[in-house]
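Trainee: Residue numbers (the working numbering): 199 to 452.
As C-alpha coordinates, this is what we get:
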(Lines of atoms letter the chains of each structure in order from A and count residues from 1; the text may use other names and numbers.)
(Lines give C-alpha, C1' and ligand atoms only; values in the text may rest on other atoms or scores of the structure.)
Protein backbone atom coordinates (compact mmCIF):
# COMPACT_ATOMS: atom_id res chain seq x y z
CA UNK A 1 0.00 0.00 0.00
CA UNK A 2 1.33 3.44 -0.93
CA UNK A 3 2.11 5.52 2.18
CA UNK A 4 -0.29 8.37 2.95
CA UNK A 5 1.05 11.76 1.93
CA UNK A 6 1.23 14.38 4.66
CA UNK A 7 -0.63 17.69 4.39
CA UNK A 8 -0.04 21.09 5.94
CA UNK A 9 -2.44 23.16 8.03
CA UNK A 10 -2.96 25.37 4.96
CA UNK A 11 -3.94 22.27 2.96
CA UNK A 12 -6.55 21.37 5.57
CA UNK A 13 -7.93 24.92 5.67
CA UNK A 14 -8.59 24.79 1.92
CA UNK A 15 -11.53 22.54 2.78
CA UNK A 16 -14.49 24.50 4.14
CA UNK A 17 -15.88 21.84 6.49
CA UNK A 18 -19.02 23.23 8.13
CA UNK A 19 -21.91 22.14 10.30
CA UNK A 20 -25.13 22.00 8.26
CA UNK A 21 -28.67 21.28 9.36
CA UNK A 22 -30.99 19.32 7.08
CA UNK A 23 -34.26 21.20 6.66
CA UNK A 24 -36.03 18.69 4.40
CA UNK A 25 -35.42 15.33 2.72
CA UNK A 26 -37.05 13.54 -0.18
CA UNK A 27 -36.08 10.71 -2.49
CA UNK A 28 -34.14 11.99 -5.49
CA UNK A 29 -36.16 10.26 -8.21
CA UNK A 30 -33.88 11.50 -11.01
CA UNK A 31 -30.63 10.14 -9.54
CA UNK A 32 -28.93 7.22 -11.33
CA UNK A 33 -27.77 5.87 -7.95
CA UNK A 34 -30.43 5.89 -5.17
CA UNK A 35 -30.09 9.11 -3.20
CA UNK A 36 -31.88 11.66 -1.05
CA UNK A 37 -32.36 15.24 -2.16
CA UNK A 38 -31.72 17.39 0.90
CA UNK A 39 -32.19 21.07 1.57
CA UNK A 40 -29.77 22.45 4.13
CA UNK A 41 -29.18 25.45 6.36
CA UNK A 42 -25.55 26.58 6.57
CA UNK A 43 -25.89 29.69 8.71
CA UNK A 44 -27.06 33.23 8.01
CA UNK A 45 -23.95 34.59 6.21
CA UNK A 46 -23.81 31.73 3.69
CA UNK A 47 -27.57 31.64 3.18
CA UNK A 48 -27.70 35.39 2.46
CA UNK A 49 -24.77 35.07 0.05
CA UNK A 50 -26.45 32.11 -1.65
CA UNK A 51 -29.70 34.06 -2.06
CA UNK A 52 -27.82 37.02 -3.52
CA UNK A 53 -25.75 34.96 -5.98
CA UNK A 54 -28.15 32.20 -6.96
CA UNK A 55 -31.62 33.33 -5.87
CA UNK A 56 -32.03 30.38 -3.49
CA UNK A 57 -32.73 30.59 0.22
CA UNK A 58 -31.21 27.17 0.99
CA UNK A 59 -28.43 24.90 -0.16
CA UNK A 60 -29.35 21.62 -1.90
CA UNK A 61 -27.39 18.39 -2.09
CA UNK A 62 -28.01 14.87 -3.37
CA UNK A 63 -26.67 12.31 -0.89
CA UNK A 64 -26.25 8.57 -1.49
CA UNK A 65 -27.34 7.52 2.00
CA UNK A 66 -30.39 5.38 1.21
CA UNK A 67 -28.73 2.02 1.96
CA UNK A 68 -27.98 2.94 5.58
CA UNK A 69 -30.55 5.60 6.49
CA UNK A 70 -34.27 6.25 6.19
CA UNK A 71 -35.54 9.75 5.36
CA UNK A 72 -36.68 10.09 8.96
CA UNK A 73 -33.20 9.33 10.26
CA UNK A 74 -31.66 11.99 8.04
CA UNK A 75 -34.20 14.81 8.42
CA UNK A 76 -33.27 17.45 11.00
CA UNK A 77 -29.74 16.14 11.53
CA UNK A 78 -26.87 18.53 12.11
CA UNK A 79 -24.16 17.02 9.96
CA UNK A 80 -20.79 17.59 8.31
CA UNK A 81 -20.83 19.25 4.90
CA UNK A 82 -18.15 20.57 2.57
CA UNK A 83 -19.29 23.95 1.30
CA UNK A 84 -16.73 25.07 -1.24
CA UNK A 85 -16.81 22.64 -4.14
CA UNK A 86 -17.95 24.39 -7.32
CA UNK A 87 -21.68 23.93 -7.86
CA UNK A 88 -22.44 20.83 -9.93
CA UNK A 89 -25.37 19.86 -12.13
CA UNK A 90 -26.92 16.59 -10.91
CA UNK A 91 -29.98 15.76 -13.00
CA UNK A 92 -32.32 18.75 -13.16
CA UNK A 93 -30.84 20.39 -10.03
CA UNK A 94 -27.62 22.07 -9.04
CA UNK A 95 -25.80 20.52 -6.09
CA UNK A 96 -24.58 23.31 -3.80
CA UNK A 97 -22.44 21.35 -1.35
CA UNK A 98 -21.24 17.87 -0.40
CA UNK A 99 -22.93 15.97 2.42
CA UNK A 100 -20.17 13.79 3.85
CA UNK A 101 -20.29 10.22 5.01
CA UNK A 102 -17.88 7.55 6.16
CA UNK A 103 -17.46 4.31 4.28
CA UNK A 104 -15.41 1.15 4.00
CA UNK A 105 -12.08 1.26 2.19
CA UNK A 106 -13.14 -1.67 -0.01
CA UNK A 107 -12.18 -1.08 -3.65
CA UNK A 108 -15.63 -2.10 -4.94
CA UNK A 109 -17.55 1.10 -5.70
CA UNK A 110 -20.99 -0.45 -5.14
CA UNK A 111 -19.95 -1.83 -1.75
CA UNK A 112 -18.42 1.48 -0.69
CA UNK A 113 -21.58 3.38 -1.60
CA UNK A 114 -23.80 0.85 0.18
CA UNK A 115 -21.70 1.19 3.35
CA UNK A 116 -21.91 5.00 3.53
CA UNK A 117 -23.05 6.32 6.92
CA UNK A 118 -23.85 9.95 7.62
CA UNK A 119 -21.41 12.04 9.70
CA UNK A 120 -23.20 13.96 12.46
CA UNK A 121 -22.24 16.43 15.17
CA UNK A 122 -22.13 14.97 18.67
CA UNK A 123 -23.88 18.04 20.13
CA UNK A 124 -26.24 20.66 18.77
CA UNK A 125 -24.25 23.46 17.13
CA UNK A 126 -25.05 26.49 15.02
CA UNK A 127 -25.17 25.78 11.27
CA UNK A 128 -22.26 27.38 9.44
CA UNK A 129 -19.70 26.83 12.18
CA UNK A 130 -16.37 25.70 10.77
CA UNK A 131 -14.60 22.48 11.66
CA UNK A 132 -11.30 23.34 13.29
CA UNK A 133 -8.29 21.62 14.80
CA UNK A 134 -7.80 24.19 17.58
CA UNK A 135 -11.26 24.36 19.11
CA UNK A 136 -11.77 27.90 17.85
CA UNK A 137 -15.39 28.88 17.23
CA UNK A 138 -15.70 30.56 13.83
CA UNK A 139 -18.60 31.08 11.45
CA UNK A 140 -18.01 30.60 7.72
CA UNK A 141 -18.99 33.93 6.15
CA UNK A 142 -18.33 33.40 2.44
CA UNK A 143 -18.04 30.41 0.14
CA UNK A 144 -14.80 30.33 -1.83
CA UNK A 145 -16.07 27.72 -4.38
CA UNK A 146 -12.46 26.82 -5.19
CA UNK A 147 -12.04 23.29 -3.82
CA UNK A 148 -10.91 20.41 -6.03
CA UNK A 149 -11.52 16.73 -5.39
CA UNK A 150 -7.75 16.31 -5.05
CA UNK A 151 -7.70 18.95 -2.29
CA UNK A 152 -10.49 17.14 -0.46
CA UNK A 153 -9.08 13.62 -0.69
CA UNK A 154 -5.64 14.80 0.43
CA UNK A 155 -6.99 14.95 3.98
CA UNK A 156 -6.89 11.42 5.43
CA UNK A 157 -9.78 11.44 7.91
CA UNK A 158 -10.68 8.20 9.68
CA UNK A 159 -13.13 6.86 12.24
CA UNK A 160 -11.78 5.45 15.47
CA UNK A 161 -13.00 4.57 18.96
CA UNK A 162 -11.53 6.31 22.00
CA UNK A 163 -10.18 3.69 24.40
CA UNK A 164 -8.53 6.06 26.89
CA UNK A 165 -8.29 9.82 27.42
CA UNK A 166 -6.59 12.30 29.73
CA UNK A 167 -5.86 16.00 30.04
CA UNK A 168 -2.93 17.22 27.94
CA UNK A 169 -0.85 19.50 30.15
CA UNK A 170 1.84 20.01 27.50
CA UNK A 171 -0.17 22.50 25.42
CA UNK A 172 0.10 26.11 26.55
CA UNK A 173 -1.75 29.30 25.58
CA UNK A 174 -5.00 27.74 24.41
CA UNK A 175 -8.14 29.84 24.03
CA UNK A 176 -10.08 30.62 27.20
CA UNK A 177 -12.84 28.10 27.87
CA UNK A 178 -11.01 25.32 26.04
CA UNK A 179 -9.30 22.19 27.36
CA UNK A 180 -6.64 20.05 25.70
CA UNK A 181 -6.94 16.27 25.75
CA UNK A 182 -4.89 13.28 24.62
CA UNK A 183 -7.01 10.31 23.56
CA UNK A 184 -5.93 6.82 22.58
CA UNK A 185 -7.94 5.94 19.47
CA UNK A 186 -8.37 2.51 17.93
CA UNK A 187 -8.41 3.07 14.15
CA UNK A 188 -8.88 -0.60 13.31
CA UNK A 189 -6.66 -3.47 12.25
CA UNK A 190 -4.75 -1.64 9.51
CA UNK A 191 -3.70 1.30 11.70
CA UNK A 192 -4.08 0.16 15.30
CA UNK A 193 -4.27 2.34 18.40
CA UNK A 194 -2.69 5.79 18.22
CA UNK A 195 -2.61 8.82 20.54
CA UNK A 196 -4.58 11.79 19.23
CA UNK A 197 -4.86 15.40 20.32
CA UNK A 198 -8.04 17.42 20.82
CA UNK A 199 -8.83 20.97 21.95
CA UNK A 200 -12.46 21.21 22.99
CA UNK A 201 -14.95 23.40 24.85
CA UNK A 202 -14.33 22.70 28.55
CA UNK A 203 -18.01 23.08 29.43
CA UNK A 204 -19.30 20.68 26.78
CA UNK A 205 -16.43 18.23 27.33
CA UNK A 206 -15.90 18.80 31.04
CA UNK A 207 -13.57 15.82 31.53
CA UNK A 208 -11.70 13.22 29.48
CA UNK A 209 -14.45 10.76 30.35
CA UNK A 210 -16.74 12.62 27.91
CA UNK A 211 -14.67 11.12 25.06
CA UNK A 212 -14.38 7.56 26.28
CA UNK A 213 -15.74 4.68 24.17
CA UNK A 214 -17.12 7.01 21.50
CA UNK A 215 -16.42 6.79 17.79
CA UNK A 216 -15.17 10.02 16.24
CA UNK A 217 -13.32 11.40 13.23
CA UNK A 218 -9.68 12.41 13.28
CA UNK A 219 -7.28 13.85 10.73
CA UNK A 220 -4.40 11.38 10.55
CA UNK A 221 -1.92 12.92 8.10
CA UNK A 222 -1.24 16.48 9.27
CA UNK A 223 2.42 17.53 9.44
CA UNK A 224 2.68 18.35 13.14
CA UNK A 225 5.03 16.01 15.00
CA UNK A 226 7.42 13.16 14.39
CA UNK A 227 5.72 10.72 14.49
CA UNK A 228 2.60 12.34 13.06
CA UNK A 229 -0.15 12.60 15.69
CA UNK A 230 -3.82 12.44 14.66
CA UNK A 231 -6.02 15.42 15.53
CA UNK A 232 -9.66 14.95 16.58
CA UNK A 233 -11.91 17.17 14.47
CA UNK A 234 -14.41 19.43 16.21
CA UNK A 235 -17.01 22.00 15.27
CA UNK A 236 -15.75 25.07 17.07
CA UNK A 237 -14.73 22.87 19.99
CA UNK A 238 -18.43 22.43 20.79
CA UNK A 239 -18.99 19.05 19.11
CA UNK A 240 -16.91 16.21 17.75
CA UNK A 241 -17.86 14.44 14.52
CA UNK A 242 -19.30 10.94 14.67
CA UNK A 243 -20.83 8.36 12.36
CA UNK A 244 -24.61 8.46 12.84
CA UNK A 245 -24.53 4.72 13.61
CA UNK A 246 -21.67 2.41 14.68
CA UNK A 247 -19.26 1.47 11.91
CA UNK A 248 -16.01 -0.47 11.71
CA UNK A 249 -13.02 1.46 12.99
CA UNK A 250 -10.92 2.58 10.05
CA UNK A 251 -13.85 3.76 7.90
CA UNK A 252 -12.79 6.86 5.94
CA UNK A 253 -14.47 10.16 5.13
CA UNK A 254 -15.93 10.46 1.65
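We put the beta carbon where it would ideally sit given N, CA and C, even for glycine.
#1: So, with DSSP's three-state summary, where would you put residue 384?
#2: Under a three-way DSSP split, which group does residue 336 fall into?
#3: For residue 441, which beta-bridge partners are listed by DSSP?
#4: Measuring alpha carbon to alpha carbon, tell me which of 219, 332, 313 ends up nearest residue 375.
#5: Roughly how far, in whole angstroms, is the beta-carbon of residue 262 from the beta-carbon of residue 237, given that I think they are within contact range, below 8 Å?
#6: Can you say whether residue 240 is buried or exposed, counting buried as having 16 or more other CB atoms within 10 angstroms of its CB?
#7: In three-state terms, what does DSSP make of residue 217?
#8: In terms of residue numbering, what span does the alpha helix (DSSP H) encompassing residue 269 cover?
#9: Helix or strand or just coil, what does DSSP make of residue 239?
#10: Could you pull out every residue in the same chain whose Cβ sits closer than 7 Å to the Cβ of residue 316, ignoring the five residues on either side in sequence?
Mentor: With the structure as the only source:
#1: DSSP places residue 384 within a strand segment (E or B) once states are collapsed to three.
#2: In the structure shown, residue 336 adopts coil according to DSSP, grouped into three states.
#3: Answer by DSSP bridge pairing, in chain order: 317.
#4: Per the Cα distances, 332.
#5: The C-beta distance from residue 262 to residue 237 rounds to 17 Å, too long to meet the 8 Å contact threshold.
#6: Residue 240 should be labelled buried.
#7: In the structure shown, residue 217 sits in a strand (DSSP, three-state: E or B).
#8: Here the alpha helix (DSSP H) through residue 269 covers 269 to 272.
#9: If DSSP states are grouped into helix, strand and coil, residue 239 belongs with the strands.
#10: In its chain, beyond the 5 residues on either side, 263, 267, 272, 275, 277, 299, 442 have a beta carbon closer than 7 Å to the beta carbon of residue 316.
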